[in-house]
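Just below is one structure, and these are the notes that go with it.
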Amino acid sequence: PGVTTAKPGSATRPLPGIAAGLVDADGNEVKEGTGILVITRPWPSMLRTLYGDDERYVSTYFDRFGPKTYVVGDAARRDSDGYFWIIGRTDDVINVSGHRLSTAEVESAITTHDKVAEAAVVAEADELTGQAIVAFVTLNAGVEGDSTMAAEIREHVGSRIGKLARPKSIIWADDLPKTRSGKIMRRLLRDIAEGRELGDVSTLGDPTVVKTLQEKAAARG
(Lines of atoms letter the chains of each structure in order from A; the text may use other names.)
(Lines give C-alpha, C1' and ligand atoms only; values in the text may rest on other atoms or scores of the structure.)
Protein backbone atom coordinates (compact mmCIF):
# COMPACT_ATOMS: atom_id res chain seq x y z
CA PRO A 1 0.00 0.00 0.00
CA GLY A 2 1.19 3.47 -0.87
CA VAL A 3 3.85 2.35 -3.36
CA THR A 4 1.68 3.43 -6.30
CA THR A 5 -1.25 5.80 -6.64
CA ALA A 6 -4.42 3.72 -6.40
CA LYS A 7 -7.29 3.83 -8.88
CA PRO A 8 -10.71 2.38 -7.95
CA GLY A 9 -10.93 -1.32 -8.82
CA SER A 10 -7.47 -1.45 -10.37
CA ALA A 11 -4.75 -4.00 -9.62
CA THR A 12 -2.39 -1.06 -10.36
CA ARG A 13 0.81 -1.74 -12.35
CA PRO A 14 2.78 -5.01 -12.55
CA LEU A 15 5.30 -5.60 -9.78
CA PRO A 16 9.02 -5.42 -10.66
CA GLY A 17 10.02 -8.50 -12.64
CA ILE A 18 6.53 -9.12 -14.03
CA ALA A 19 6.32 -8.35 -17.78
CA ALA A 20 2.54 -8.25 -18.10
CA GLY A 21 0.76 -7.25 -21.29
CA LEU A 22 -2.47 -7.54 -23.25
CA VAL A 23 -3.07 -9.14 -26.64
CA ASP A 24 -6.11 -9.58 -28.85
CA ALA A 25 -7.47 -12.93 -30.04
CA ASP A 26 -4.82 -13.05 -32.78
CA GLY A 27 -1.93 -12.31 -30.42
CA ASN A 28 -1.47 -8.66 -31.43
CA GLU A 29 -0.48 -6.31 -28.63
CA VAL A 30 -3.21 -4.17 -27.08
CA LYS A 31 -1.51 -1.12 -25.56
CA GLU A 32 -4.67 0.47 -24.20
CA GLY A 33 -8.10 -1.12 -23.78
CA THR A 34 -9.36 -4.65 -23.19
CA GLY A 35 -7.55 -7.84 -24.11
CA ILE A 36 -6.17 -11.19 -22.97
CA LEU A 37 -3.73 -10.94 -20.08
CA VAL A 38 -0.32 -12.47 -20.82
CA ILE A 39 3.18 -12.50 -19.31
CA THR A 40 6.01 -12.30 -21.82
CA ARG A 41 9.09 -13.11 -19.73
CA PRO A 42 9.85 -15.55 -16.91
CA TRP A 43 9.20 -14.07 -13.49
CA PRO A 44 10.27 -14.84 -9.92
CA SER A 45 8.63 -17.98 -8.48
CA MET A 46 6.70 -18.74 -11.67
CA LEU A 47 4.92 -22.07 -12.06
CA ARG A 48 7.30 -24.42 -13.88
CA THR A 49 5.01 -27.35 -14.65
CA LEU A 50 1.88 -29.21 -13.60
CA TYR A 51 2.77 -32.12 -11.37
CA GLY A 52 3.31 -35.21 -13.51
CA ASP A 53 1.98 -33.57 -16.68
CA ASP A 54 4.48 -31.36 -18.51
CA GLU A 55 2.50 -31.60 -21.77
CA ARG A 56 -0.68 -30.20 -20.23
CA TYR A 57 1.33 -27.37 -18.67
CA VAL A 58 2.65 -26.36 -22.09
CA SER A 59 -0.70 -26.78 -23.89
CA THR A 60 -2.61 -24.84 -21.22
CA TYR A 61 -0.32 -21.85 -20.85
CA PHE A 62 1.92 -21.59 -23.94
CA ASP A 63 0.27 -23.18 -26.99
CA ARG A 64 -2.01 -20.30 -27.95
CA PHE A 65 0.52 -17.52 -28.64
CA GLY A 66 3.84 -19.33 -28.71
CA PRO A 67 6.47 -20.57 -26.28
CA LYS A 68 7.45 -17.11 -24.97
CA THR A 69 3.93 -15.94 -24.08
CA TYR A 70 2.31 -17.24 -20.90
CA VAL A 71 -1.51 -17.02 -21.10
CA VAL A 72 -2.86 -16.17 -17.65
CA GLY A 73 -6.46 -17.07 -18.50
CA ASP A 74 -7.98 -13.71 -17.53
CA ALA A 75 -9.30 -10.82 -19.55
CA ALA A 76 -8.07 -7.42 -18.41
CA ARG A 77 -8.18 -3.74 -19.25
CA ARG A 78 -5.21 -1.36 -19.30
CA ASP A 79 -5.43 2.43 -19.33
CA SER A 80 -3.04 5.02 -20.73
CA ASP A 81 -1.12 5.11 -17.42
CA GLY A 82 -0.41 1.37 -17.54
CA TYR A 83 -2.86 0.44 -14.78
CA PHE A 84 -4.61 -2.93 -15.09
CA TRP A 85 -8.14 -3.97 -14.20
CA ILE A 86 -8.85 -7.72 -14.09
CA ILE A 87 -12.20 -8.30 -15.81
CA GLY A 88 -12.62 -12.07 -15.38
CA ARG A 89 -11.91 -15.46 -16.87
CA THR A 90 -11.61 -15.56 -20.65
CA ASP A 91 -13.27 -18.98 -20.81
CA ASP A 92 -16.56 -17.70 -19.30
CA VAL A 93 -18.24 -16.47 -22.48
CA ILE A 94 -21.68 -16.03 -24.02
CA ASN A 95 -22.13 -16.75 -27.72
CA VAL A 96 -24.58 -14.24 -29.23
CA SER A 97 -25.17 -14.73 -32.95
CA GLY A 98 -21.72 -16.30 -33.31
CA HIS A 99 -19.97 -13.54 -31.37
CA ARG A 100 -18.16 -14.59 -28.18
CA LEU A 101 -18.65 -12.08 -25.38
CA SER A 102 -16.91 -12.25 -22.02
CA THR A 103 -19.40 -12.23 -19.15
CA ALA A 104 -16.85 -10.36 -17.07
CA GLU A 105 -16.51 -7.63 -19.71
CA VAL A 106 -20.29 -7.15 -19.89
CA GLU A 107 -20.53 -7.04 -16.10
CA SER A 108 -17.71 -4.52 -15.98
CA ALA A 109 -19.50 -2.30 -18.51
CA ILE A 110 -22.74 -2.42 -16.54
CA THR A 111 -21.08 -1.56 -13.23
CA THR A 112 -19.38 1.49 -14.70
CA HIS A 113 -22.83 3.06 -14.89
CA ASP A 114 -23.01 5.53 -12.03
CA LYS A 115 -26.40 4.24 -10.83
CA VAL A 116 -25.37 0.58 -10.62
CA ALA A 117 -24.01 -1.00 -7.44
CA GLU A 118 -23.49 -4.59 -8.62
CA ALA A 119 -24.26 -6.84 -11.57
CA ALA A 120 -23.91 -10.41 -12.80
CA VAL A 121 -24.68 -11.69 -16.28
CA VAL A 122 -25.48 -15.18 -17.55
CA ALA A 123 -26.65 -16.76 -20.78
CA GLU A 124 -30.05 -18.17 -21.59
CA ALA A 125 -31.12 -20.05 -24.72
CA ASP A 126 -32.54 -17.89 -27.52
CA GLU A 127 -34.16 -19.11 -30.75
CA LEU A 128 -32.79 -16.25 -32.84
CA THR A 129 -29.30 -15.67 -31.46
CA GLY A 130 -28.44 -19.04 -29.90
CA GLN A 131 -27.77 -17.44 -26.54
CA ALA A 132 -28.95 -14.15 -25.05
CA ILE A 133 -27.58 -12.08 -22.17
CA VAL A 134 -29.56 -11.87 -18.95
CA ALA A 135 -28.30 -9.28 -16.47
CA PHE A 136 -29.12 -9.33 -12.77
CA VAL A 137 -28.57 -5.77 -11.60
CA THR A 138 -28.50 -4.17 -8.16
CA LEU A 139 -28.98 -0.42 -8.33
CA ASN A 140 -27.72 2.20 -5.92
CA ALA A 141 -29.99 3.10 -3.02
CA GLY A 142 -32.84 5.34 -4.08
CA VAL A 143 -32.63 4.48 -7.80
CA GLU A 144 -35.77 2.93 -9.29
CA GLY A 145 -35.46 -0.08 -11.58
CA ASP A 146 -37.88 0.62 -14.41
CA SER A 147 -37.99 0.44 -18.21
CA THR A 148 -36.25 3.81 -18.57
CA MET A 149 -33.38 2.67 -16.35
CA ALA A 150 -33.13 -0.62 -18.27
CA ALA A 151 -32.91 1.23 -21.58
CA GLU A 152 -30.24 3.50 -20.12
CA ILE A 153 -28.13 0.52 -19.03
CA ARG A 154 -28.50 -1.20 -22.41
CA GLU A 155 -27.39 1.95 -24.19
CA HIS A 156 -24.47 2.32 -21.80
CA VAL A 157 -23.27 -1.24 -22.46
CA GLY A 158 -23.74 -0.83 -26.21
CA SER A 159 -21.63 2.32 -26.24
CA ARG A 160 -18.79 0.63 -24.34
CA ILE A 161 -18.69 -2.80 -26.00
CA GLY A 162 -21.13 -2.93 -28.91
CA LYS A 163 -24.80 -3.52 -29.65
CA LEU A 164 -24.52 -7.31 -29.42
CA ALA A 165 -23.43 -6.99 -25.78
CA ARG A 166 -26.64 -5.24 -24.71
CA PRO A 167 -28.59 -7.48 -22.30
CA LYS A 168 -31.81 -8.90 -23.69
CA SER A 169 -33.28 -9.06 -20.19
CA ILE A 170 -32.49 -7.06 -17.07
CA ILE A 171 -33.74 -8.39 -13.75
CA TRP A 172 -33.58 -5.98 -10.84
CA ALA A 173 -32.08 -7.56 -7.75
CA ASP A 174 -32.04 -6.21 -4.22
CA ASP A 175 -29.21 -8.68 -3.69
CA LEU A 176 -27.50 -11.47 -5.60
CA PRO A 177 -27.20 -15.11 -4.49
CA LYS A 178 -23.83 -15.50 -2.82
CA THR A 179 -21.94 -18.04 -0.82
CA ARG A 180 -21.34 -17.34 2.85
CA SER A 181 -17.93 -15.98 1.84
CA GLY A 182 -19.55 -13.46 -0.53
CA LYS A 183 -18.90 -15.09 -3.92
CA ILE A 184 -21.70 -14.66 -6.48
CA MET A 185 -23.25 -18.03 -7.37
CA ARG A 186 -23.60 -17.63 -11.14
CA ARG A 187 -24.60 -21.28 -11.45
CA LEU A 188 -27.82 -20.47 -9.60
CA LEU A 189 -28.40 -17.38 -11.71
CA ARG A 190 -28.19 -19.54 -14.86
CA ASP A 191 -30.78 -21.90 -13.38
CA ILE A 192 -33.02 -18.96 -12.49
CA ALA A 193 -32.73 -17.40 -15.95
CA GLU A 194 -33.57 -20.69 -17.66
CA GLY A 195 -36.37 -21.54 -15.22
CA ARG A 196 -34.66 -24.76 -14.17
CA GLU A 197 -34.74 -26.52 -10.83
CA LEU A 198 -31.92 -25.20 -8.69
CA GLY A 199 -28.85 -27.30 -8.08
CA ASP A 200 -26.94 -27.56 -4.82
CA VAL A 201 -27.74 -24.61 -2.54
CA SER A 202 -25.91 -25.84 0.56
CA THR A 203 -23.42 -22.97 0.38
CA LEU A 204 -26.02 -20.27 -0.32
CA GLY A 205 -25.92 -17.51 2.26
CA ASP A 206 -29.51 -16.21 2.00
CA PRO A 207 -32.13 -18.51 0.38
CA THR A 208 -34.75 -15.72 0.28
CA VAL A 209 -32.70 -13.90 -2.38
CA VAL A 210 -33.14 -16.81 -4.80
CA LYS A 211 -36.89 -17.05 -4.29
CA THR A 212 -37.36 -13.37 -5.08
CA LEU A 213 -35.26 -13.60 -8.25
CA GLN A 214 -37.12 -16.72 -9.41
CA GLU A 215 -40.40 -14.81 -9.15
CA LYS A 216 -39.01 -11.85 -11.08
CA ALA A 217 -37.50 -14.06 -13.79
CA ALA A 218 -40.77 -15.97 -14.21
CA ALA A 219 -42.70 -12.69 -14.48
CA ARG A 220 -40.79 -11.84 -17.67
CA GLY A 221 -43.13 -14.26 -19.48
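Using the numbering used here, read the sequence shown as starting at 1 and increasing by one per residue.
Where is the CB? At the ideal position from N, CA and C, for every residue including glycine.
The structure presented is a predicted model; accordingly, all values stated were derived computationally and were not measured.
Residue i versus residue j: straight-line alpha-carbon distance, rounded
i, j, result
"ASN140", "ILE171", "14 Å"
"THR40", "ASN28", "13 Å"
"THR148", "ALA135", "15 Å"
"GLU127", "GLY199", "25 Å"
"VAL143", "LYS115", "7 Å"
"THR60", "ALA219", "42 Å"
"SER169", "ILE153", "11 Å"
"SER80", "GLY17", "20 Å"
"LEU189", "ASP175", "12 Å"
Local conformation of residue i per DSSP, three classes
i, result
"GLU29", "strand"
"TYR70", "strand"
"GLY88", "strand"
"LEU236", "Nothing about residue 236 can be read from this structure; the chain reaches only from 1 to 221."
"VAL3", "coil"
"GLY158", "helix"
"LYS168", "coil"
"ARG64", "coil"
"ALA223", "Here the chain covers residues 1 to 221 and nothing more, so residue 223 does not appear."
"LYS183", "coil"
"LEU198", "coil"
"ALA120", "strand"
"SER45", "coil"
"SER59", "helix"
Buried versus exposed call for residue i [16 or more other C-beta atoms within 10 Å across all chains shown]
i, result
"ASP191", "buried"
"TYR222", "Outside the shown range of the chain, which is 1 to 221, sits residue 222, and nothing can be said about it."
"MET46", "exposed"
"ALA165", "buried"
"GLY35", "buried"
"HIS99", "exposed"
"ALA151", "exposed"
"ALA193", "buried"
"PRO44", "exposed"
"ALA75", "buried"
"ALA25", "exposed"
Under 9 Å between C-beta atoms of residue i and residue j
i, j, result
"GLY130", "ASN95", "yes"
"VAL122", "ILE133", "yes"
"ALA20", "VAL3", "no"
"LEU22", "ARG78", "yes"
"GLU124", "THR138", "no"
"PHE65", "VAL58", "no"
"LEU213", "PRO177", "yes"
Touch test, the stretch 152 to 162 against the stretch 197 to 214, Cβ-Cβ under 8 Å, three pairs minimum: no
Hey, is the stretch 75 to 89 in contact with the stretch 98 to 106, meaning 3+ C-beta pairs nearer than 8 Å? yes
Check whether the stretch 49 to 64 and the stretch 8 to 22 are in contact - that is, three or more C-beta pairs closer than 8 Å. no
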